[in-house]
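A.B. asks: This is the structure I have questions about; it appears just below.
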Amino acid sequence: MPLLEIESLDVCYDDLQVLWSVSLQVGEGEIGVLLGPNGSGKSTVMNAISGLVRPRGGAIRFRGERIDRLPTHAVIDRGVAHVLERRRVFPLMSVLDNLLLGGFIPRSRPTRAEQLERVLGLFPVLRQRRGQLAGTLSGGEQQMLAVARGLMSRPSLLLVDEPFLGLAPMVARDLLDVLVRLNGEGMTILLVEQNVEMALGMAHRGVVLESGRVAISGSAREVLESNELRQAFLGVV
Amino acid sequence: MSAAAARAGWTLVALAALVAPVPLGNYGLHLLVLVCMYVALSSSWNILTLAGQLTLGHAGFFGVGAYTSALLALRLGVPFWAGMGAGAVAAAALAGVIGLVCLRLRGVYLAIATLSLVEALKIVVLNVPDVTEGSIGITLSPVFAGARRPAYYVMLAVAALPVLATVWIKRSKLHVILGAIREDEGAAQMAGINTTAYKVFAFALSAAFAGLAGGFYPHYITYIVPDTAFSIGLSIEAQIMPILGGLYTVAGPVVGAVVLTLAGEYLRTRFGAANLLVYGVVMVLAILCLPGGLVGLARRWRAPFRVRRAEQPQEGVADVR
Numbered sequence: 001m002p003l004l005e006i007e008s009l010d011v012c013y014d015d016l017q018v019l020w021s022v023s024l025q026v027g028e029g030e031i032g033v034l035l036g037p038n039g040s041g042k043s044t045v046m047n048a049i050s051g052l053v054r055p056r057g058g059a060i061r062f063r064g065e066r067i068d069r070l071p072t073h074a075v076i077d078r079g080v081a082h083v084l085e086r087r088r089v090f091p092l093m094s095v096l097d098n099l100l101l102g103g104f105i106p107r108s109r110p111t112r113a114e115q116l117e118r119v120l121g122l123f124p125v126l127r128q129r130r131g132q133l134a135g136t137l138s139g140g141e142q143q144m145l146a147v148a149r150g151l152m153s154r155p156s157l158l159l160v161d162e163p164f165l166g167l168a169p170m171v172a173r174d175l176l177d178v179l180v181r182l183n184g185e186g187m188t189i190l191l192v193e194q195n196v197e198m199a200l201g202m203a204h205r206g207v208v209l210e211s212g213r214v215a216i217s218g219s220a221r222e223v224l225e226s227n228e229l230r231q232a233f234l235g236v237v
Numbered sequence: 238m239s240a241a242a243a244r245a246g247w248t249l250v251a252l253a254a255l256v257a258p259v260p261l262g263n264y265g266l267h268l269l270v271l272v273c274m275y276v277a278l279s280s281s282w283n284i285l286t287l288a289g290q291l292t293l294g295h296a297g298f299f300g301v302g303a304y305t306s307a308l309l310a311l312r313l314g315v316p317f318w319a320g321m322g323a324g325a326v327a328a329a330a331l332a333g334v335i336g337l338v339c340l341r342l343r344g345v346y347l348a349i350a351t352l353s354l355v356e357a358l359k360i361v362v363l364n365v366p367d368v369t370e371g372s373i374g375i376t377l378s379p380v381f382a383g384a385r386r387p388a389y390y391v392m393l394a395v396a397a398l399p400v401l402a403t404v405w406i407k408r409s410k411l412h413v414i415l416g417a418i419r420e421d422e423g424a425a426q427m428a429g430i431n432t433t434a435y436k437v438f439a440f441a442l443s444a445a446f447a448g449l450a451g452g453f454y455p456h457y458i459t460y461i462v463p464d465t466a467f468s469i470g471l472s473i474e475a476q477i478m479p480i481l482g483g484l485y486t487v488a489g490p491v492v493g494a495v496v497l498t499l500a501g502e503y504l505r506t507r508f509g510a511a512n513l514l515v516y517g518v519v520m521v522l523a524i525l526c527l528p529g530g531l532v533g534l535a536r537r538w539r540a541p542f543r544v545r546r547a548e549q550p551q552e553g554v555a556d557v558r
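Residue numbers (our numbering), protein chains in the order written: chain A, 1 to 237; chain B, 238 to 558.
Encoded structure:
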């Protein structure tokens with residue numbers, strides 16, 4: 001049984017349908033990557049998983065359980081963490097407060113101190129800056145904080161939406177290493193990314209969306225080598 | 238501000254509030270009662286802003302409290318203190334219902350709903366005179382046989398409650414939770430916070446204190462009509478006072494209410510009909526020149542070179558545990 005299973009998902013914003021029968025699966029311990037041009041519906045898929053938007057049709061299962069009717073906090077409590085696009089840290093709170101809020105849900109409270117040590121170990125720069133206001137961090141540090149905050153709830157599935165957006169290549173590399181390392185420790189990850197080669201290089205599975213429909217779906221290698229990929233991104237055959 | 242200095246300051250304020258009525262005559266006492274009533278409204282309105290939510294109809298909850306309490310006294314002879322409790326509960330229940338509908342959404346919906354609520358309630362109360370006495374209003378016998386000193390102490394307690402509730406919120410983990418909702422609601426949801434539940438809770442708490450103040454008001458003034466209970470002016474003052482004093486703080490709404498109530502009274506006697514003009518000019522200047530309110534001004538003046546928010550995270554750290 002895949003950890004995350006999405007079956008013919010339809011999502012509409014009012015009368016405008018943006019996802020058409022999207023299906024995808026991410027197995028336990030895998031890295032899945034959602035690719036596609038701007039406006040193809042990648043973030044909408046992520047938001048539907050975490051309950052920020054309600055699907056019009058289809059089903060989302062996490063460990064076999066339907067989660068598409070659950071409120072966001074209940075989805076998070078089942079072990080999903082969602083690192084939103086554009087970081088979205090709490091700018092007027094300290095780095096430490098941001099992290100502690102990530103461990104807010106009841107399930108993660110007993111092990112919060114331990115978890116805090118773990119994420120500060122993954123991102124040493126956050127330890128140095130823990131008393132500082134999150135809004136004063138650099139873009140890369142804020143992105144690390146956003147990922148670290150997501151990890152505080154001890155998720156078994158980590159959704160990461162365009163984490164490398166606007167980062168210096170070195171910083172992006174560091175963050176990528178952390179994600180790969182987390183995956184090596186058993187974390188399942190679903191990543192939204194625009195950089196096709198970088199994303200497919202680290203992923204097990206890829207799904208390419210085009211105008212709200214699945215254009216290609218398969219192993220990372222299959223997706224990388226397919227002709228449709230070029231077509232979806234560049235509009236050339 | 239250091240904790241010790243803050244505690245000393247609040248102790249002084251509390252002592253001053255307790256002994257203030259001793260030398261005063263009826264007019265002075267009445268003014269103090271009004272100050273306390275405005276502190277209650279201003280401080281309770283501020284509670285919901287901690288969660289980043291804007292309401293424009295705080296008078297609606299004041300009016301619901303006032304009418305609940307006045308009608309219970311008129312029809313069933315319920316004493317004022319029980320009426321106040323019922324008023325607070327009624328206001329909180331109304332806020333709960335409106336909150337469950339409007340706080341699922343983000344943005345201006347709550348502001349619009351609460352703005353129209355006040356007008357809607359006024360029209361309802363005016364149009365069922367069999368129940369509410371309509372535009373004739375309700376006359377009650379004066380509480381404490383018209384003695385102002387005990388009435389002042391009741392209103393002082395009513396004013397202290399929302400202030401103490403704000404202190405409690407600031408010290409509990411609610412401070413961080415509501416702050417997270419205020420800063421970025423989507424991110425707060427992602428932290429697993431049931432943001433709707435916390436917003437509704439803050440809204441109901443805020444309304445309850447307004448209902449409590451409203452519950453005492455008709456017993457003190459002895460007369461209530463829909464126009465005074467559900468007045469837009471009252472809603473606006475409940476918003477302007479915390480803004481002038483300093484939003485999101487404990488002291489701000491108190492300072493704003495004291496200053497504006499007393500200043501309004503002074504301007505009325507000094508400038509006669511022109512008082513609203515002066516009041517308006519002062520308000521505009523204050524909002525333009527004092528982004529952090531009077532409390533923010535005091536902080537800046539005391540520590541001109543310190544980054545103003547530098548202390549806040551430290552408070553927060555202690556709070557989460």
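Yeah, the Cβ is synthetic: ideal placement off N, Cα and C, and Gly gets one too.
Computed from a predicted model, the values in this text were never measured in an experiment.
Which residues does DSSP list as the beta-bridge partners of B:R244?
C.D. replies: The partner list for B:R244 (beta bridge, DSSP) is empty, contrary to what the question assumes.
A.B. asks: Closest to A:G140 by C-alpha separation, out of A:L167, A:T111 and A:R130, would be which residue?
C.D. replies: Looking at the Cα atoms, A:L167 is the closest of the given residues.
A.B. asks: Give the secondary structure of A:D15 by DSSP, where H, G and I count as helix, E and B as strand, and everything else as coil.
C.D. replies: A:D15 falls in the coil class under three-state DSSP.
A.B. asks: Mind checking which residues open and close the beta strand (DSSP E) that includes B:H456?
C.D. replies: Run containing B:H456: none in the beta strand (DSSP E); it sits in the alpha helix (DSSP H), T432 to I458.
A.B. asks: Which of helix, strand or coil does DSSP assign to B:H295?
C.D. replies: Helix.
A.B. asks: What are the uninterrupted segments assigned as alpha helix (DSSP H) that are 4 or more residues long and contained completely in the segment 470-494 of chain B, given in chain order?
C.D. replies: With a minimum length of 4 residues, no continuous alpha helix (DSSP H) run stays inside the segment 470-494 of chain B.
A.B. asks: Near A:D10, what residues of its chain come up, given a Cβ to Cβ distance below 7 Å and the 5 sequence neighbours on each side ignored?
C.D. replies: Q17, L19, W20, S21, P55, R56, G57 and G58.
A.B. asks: Comparing the CB of A:L84 with every heavy atom of the ligand SAM, is any distance shorter than 7 Å?
C.D. replies: By its list of ligands, the structure shown contains no ligand whatsoever, and the ligand SAM lies outside what it can speak to.
A.B. asks: Measure the Cβ-Cβ separation of A:S108 and A:S153 and say whether it is below 8 Å.
C.D. replies: In contact: A:S108 and A:S153 (Cβ atoms closer than 8 Å).
A.B. asks: Find the nearest neighbour of A:D68 within the set A:L4, A:L179 and A:G29, judged by alpha-carbon distance.
C.D. replies: The candidate whose alpha carbon is nearest that of A:D68 is A:L4.
A.B. asks: So what does DSSP say about B:R558, is it helix, strand or coil?
C.D. replies: With a pLDDT of only 32 at B:R558, under 50, the local geometry of the prediction cannot be trusted, and the value read off the model is given with reservation. DSSP places B:R558 in coil when its eight states are reduced to three.
A.B. asks: For A:I244, would you say it is in contact with chain B, using Cβ-to-Cβ distances shorter than 8 Å as the test?
C.D. replies: Residue 244 of chain A falls outside the range modelled here, since chain A spans only 1 to 237, and no answer is possible.
A.B. asks: Which residues mark the beginning and the end of the alpha helix (DSSP H) in which B:T351 is found?
C.D. replies: Here the alpha helix (DSSP H) through B:T351 covers Y346 to N364.
A.B. asks: Among the candidates B:L261, B:F440 and B:S239, whose CA atom is the shortest distance from the CA of B:A384?
C.D. replies: When only C-alpha atoms are compared, the closest one is B:L261.
A.B. asks: Assign B:A328 to buried or exposed, taking buried as 16 or more other Cβ atoms, counted over all protein chains shown, within 10 Å of its Cβ.
C.D. replies: Label assigned to B:A328: buried.
A.B. asks: Comparing the C-beta of A:P55 with each C-beta of chain B, is any distance below 8 Å?
C.D. replies: Not closer than 8 Å to any Cβ of chain B, the Cβ of A:P55 fails to qualify, so no.
A.B. asks: Have a look at A:E210 and A:L52 and give me their C-alpha separation to the nearest angstrom.
C.D. replies: Using only the alpha carbons, I get a separation of about 21 Å.
A.B. asks: With a threshold of 8 Å, are at least 3 pairs of Cβ atoms found where one atom belongs to the segment 241-248 of chain B and the other to the segment 458-471 of chain B?
C.D. replies: Contact fails: fewer than three Cβ-Cβ distances are below 8 Å.
A.B. asks: Using beta carbons (cut-off 8 Å, strictly below), is B:M431 in contact with chain A?
C.D. replies: Note that residue 431 of chain B corresponds to Asn in the displayed sequence, not to Met. Closer than 8 Å to some Cβ of chain A, the Cβ of B:N431 qualifies, so yes.
A.B. asks: Does any C-beta atom of chain A lie closer than 8 Å to the C-beta of B:V532?
C.D. replies: Taking Cβ atoms only, chain A never reaches closer than 8 Å to B:V532, which makes this a no.
A.B. asks: Does B:Q290 come within less than 8 Å of chain A when only Cβ atoms are used?
C.D. replies: No, its Cβ sits nowhere closer than 8 Å to a Cβ of chain A.
A.B. asks: Comparing alpha-carbon positions, which option in A:F90, A:Q143, A:D174 and A:V171 lies nearest B:A417?
C.D. replies: Out of A:F90, A:Q143, A:D174 and A:V171, A:F90 has the C-alpha closest to the C-alpha of B:A417.
A.B. asks: Closer than 9 Å by beta-carbon distance: list the chain B residues that pair up with A:S50, in chain order.
C.D. replies: The contacting residues are Q426 and M427.
A.B. asks: Please classify B:I360 as buried or exposed, where buried requires at least 16 other C-beta atoms within 10 Å of its C-beta.
C.D. replies: With fewer than 16 Cβ atoms within 10 Å of its Cβ, B:I360 is classed as exposed.
A.B. asks: Taking contact to mean 3 or more Cβ pairs, one atom from each stretch, closer than 8 Å, check whether the segment 72-83 of chain A and the segment 415-430 of chain B are in contact.
C.D. replies: The segment 72-83 of chain A vs the segment 415-430 of chain B: in contact.
A.B. asks: Give a yes or no on whether the minimum CB-CB distance between A:S153 and chain B is below 8 Å.
C.D. replies: Answer yes: the Cβ-Cβ gap between A:S153 and chain B drops below 8 Å somewhere.
A.B. asks: With 8 Å set as the bound, which would you pick, yes or no: does the beta-carbon of A:I216 sit closer than that to a beta-carbon of chain B?
C.D. replies: Judged by the 8 Å Cβ criterion, A:I216 is not in contact with chain B.
A.B. asks: If we cut at 8 Å on Cβ distances, does A:T72 have a partner in chain B?
C.D. replies: Yes, because at least one Cβ of chain B sits closer than 8 Å to the Cβ of A:T72.
A.B. asks: Quick check on this structure: which residue in A:A81, A:N227 and A:E85 has the alpha carbon closest to the alpha carbon of A:D239?
C.D. replies: Here chain A has residues from 1 to 237 only, and residue 239 of chain A is not among them.
A.B. asks: For the alpha helix (DSSP H) containing A:H82, list its first residue and its last residue.
C.D. replies: Element bounds for A:H82: not the alpha helix (DSSP H) but the beta strand (DSSP E), V80 to V83.
A.B. asks: CA-CA distance, A:L175 and A:F164?
C.D. replies: Each residue's Cα considered, the two are about 8 Å apart.
A.B. asks: Have a look at A:S156 and A:E228 and give me their C-alpha separation to the nearest angstrom.
C.D. replies: The alpha-carbon atoms of A:S156 and A:E228 are separated by roughly 32 Å.
A.B. asks: Measuring CB to CB, does B:C452 end up less than 8 Å from B:G297?
C.D. replies: Note that residue 452 of chain B is Gly in the sequence shown here, rather than Cys. Cβ atoms of B:G452 and B:G297: not closer than 8 Å.
A.B. asks: Under 8 Å, do B:G300 and B:F467 count as touching if we go by C-beta distance?
C.D. replies: In this structure, B:F467 lies closer than 8 Å to B:G300 by Cβ.
A.B. asks: Hey, does B:E502 have any beta-carbon neighbour from chain A nearer than 8 Å?
C.D. replies: No, because no Cβ of chain A sits closer than 8 Å to the Cβ of B:E502.
A.B. asks: Determine the direct distance from the alpha carbon of B:Y435 to that of B:N512, and round the result to whole angstroms.
C.D. replies: Going from the Cα of B:N512 to the Cα of B:Y435 covers about 40 Å.
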